[in-house]
Amino acid sequence: MSTITRRQALGVAAVAAAGIAAAAPAAARAVRTPDAAPAAAAAGPAAFDEVFEGRRIKGGPSHGGAHHGGHHGGGYAVHIDGEELHVMRNADGTWISVINHYEPLATPRAVARAAVRELKGAPLVPLTLV
Amino acid sequence: MTVRKNQALLTAAEKKRFVDAVLELKRNGQYDTFVTTHNAFIMGDTDTGDRVGHRSPSFLPWHRRFLIQFEQALQAVDPAVALPYWDWTADRTARSSLWAPDFLGGTGRTRDGQVMDGPFARSANRWAVTVRVDGRDFLRRDLGAGGRQLPTRAEVDTVLAMSTYDTAPWNSSSEGFRNHLEGWRGVNLHNRVHVWVGGQMATGVSPNDPVFWLHHAFIDKLWADWQARHPDSTYLPAAGTPNVVDLNDTMRPWNDVTPADMLDHTKHYTFDTAA
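What follows is the structure, given as structure tokens:
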């Protein structure tokens, strides 16, 4: 377990925030325009934590061991009411989840919100890989 | 010999035998193993890592092998059954006979998306969704939600015209026939149909909806149609590609079948129209 200083943490957050600010427009374009710059994939999206339609959705960098093996959010995890939502980043920087697997969205937050709308109040089943 | 027919041309007796065989696989537990396998690959296949079932060149031969295995399981129940295919460019509304109560049943109700008619409705008590990503155990659909449209024949033809099977980097950002058919780029064919159906079909556990097999049987037929149009084109990549199944590499989970083994569908089945 690494210990990081507040300064380092703030630095990471600032870089992440700058990254998402730069990446979000490109990623949003990428949903509709396949030729949009793949550079969006290089930046990490910012963490988020909010209540959306009555559900607590959180997203942020994940560190090995805190989650089940085998998910491929590129070191980024999303939770809905504490249960992990399997998410995946596409090569063009867009995101999908196991709930909306065939429709890329611009950010992990958009993926989490789409999952909440789709769930209509139902609980997520804990992530399993066979 | 197995002949895969357009679902719109099935007789009432053929529909009933297909449905009954699917229900028997559900009852004896085999059906859910297919759902589990599919979801494991959906979650495991990534653009930057190992990828076999999806977002990669082997999307087409992997699903061809997967469908053959499912069809063989159906035929172990009833040897007369073959997988039908759904040409969603022709039968493109929720009013299609595909969605009638004597076949797959219709769209879900507004409140919770629950399919309320047909043999796969929860109330018929023969189709509980057990391999699932949320707490609901009933089949859900939202056909054409939000005014979404299925792909047109013209859109399919633009993809069939692409002469290169697949291109580096062999993933969801590739040019070429495979990725445009899969739908991560361009007009979006296969992915869009999953989204149009909605419910479990939009998730990693999409085989929970029996329409999964009819959708993929048509995607598989489009691969055969593409081969007929481009006899000088073949599967790519040929060899030596990290994380990707080359022509003569074996595919998980079977480990005894290669894309090369899957190129000629006529060893396993034919279609009701010339490919």
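Here the protein sequences come in this chain order: A and B.
Mind the numbering: the first sequence is residues 689 to 818 in my numbering, read in order.
Mind the numbering: the second sequence is residues 7 to 281 in my numbering, read in order.
Quick reminder that beta carbons are idealized off the backbone N, C-alpha and C, glycines included.
**Item:** Partners in chain A for Ala-208/B, counting only beta-carbon separations shorter than 8 Å
**Value:** Ile-787, Asn-788, His-789, Tyr-790, Glu-791, Glu-806
**Asked** Which value, in whole angstroms, describes the spacing of the CA atoms of Tyr-37/B and Leu-31/B?
**Response** 5 Å
**Asked** At a Cβ threshold of 8 Å, is His-767/A touching chain B?
**Response** no
**Asked** For Met-268/B, which residues of its own chain have a beta-carbon under 7 Å away from its beta-carbon, when the five flanking residues on both sides are left out?
**Response** Pro-67, Arg-70, Arg-71
**Prompt:** Since Met-268/B is in the alpha helix (DSSP H), which residue starts that stretch and which ends it?
**Reply:** Run containing Met-268/B: none; DSSP gives neither H nor E here.
**Prompt:** Just how far apart, CA to CA, sit Thr-272/B and Lys-227/B?
**Reply:** 11 Å
**Request:** Step through the CB atoms of chain A and report whether any lies within less than 8 Å of the CB of Asn-197/B.
**Result:** yes
**Prompt:** When we look at the beta-carbon of Ala-803/A and count the other beta-carbons within 10 Å, is it buried (16 or more) or exposed?
**Reply:** buried
**Supposed contact pair Ile-225/B and Leu-187/B - C-beta distance, whole angstroms, cut 8 Å** = 7 Å
**Euclidean distance between Cα positions of Trp-190/B and Met-257/B** = 22 Å
**Item:** Cβ separation of Pro-1/B and Lys-11/B, assumed to be a contact under 8 Å, to the nearest whole Å
**Value:** Limits of chain B in this structure are 7 at one end and 281 at the other, which puts residue 1/B out of reach.
**Asked** Okay, do the region 797 to 813 of chain A and the region 45 to 57 of chain B touch, 3+ Cβ pairs below 8 Å being the bar?
**Response** no
**Asked** For Trp-783/A, which of helix, strand or coil comes out of DSSP?
**Response** strand
**Request:** Give me the Cα-Cα distance between Ala-100/B and Gly-246/B, rounded to the nearest whole angstrom.
**Result:** 45 Å
**Stretch-stretch touch, CB-based, cutoff 8 Å, three pairs: the region 139 to 152 of chain B with the region 161 to 168 of chain B** = no
**Asked** Which two residues bound the contiguous alpha helix (DSSP H) that contains Leu-80/B?
**Response** 65 to 83
**Asked** Any Cβ of chain A within less than 8 Å of the Cβ of Gly-114/B?
**Response** no
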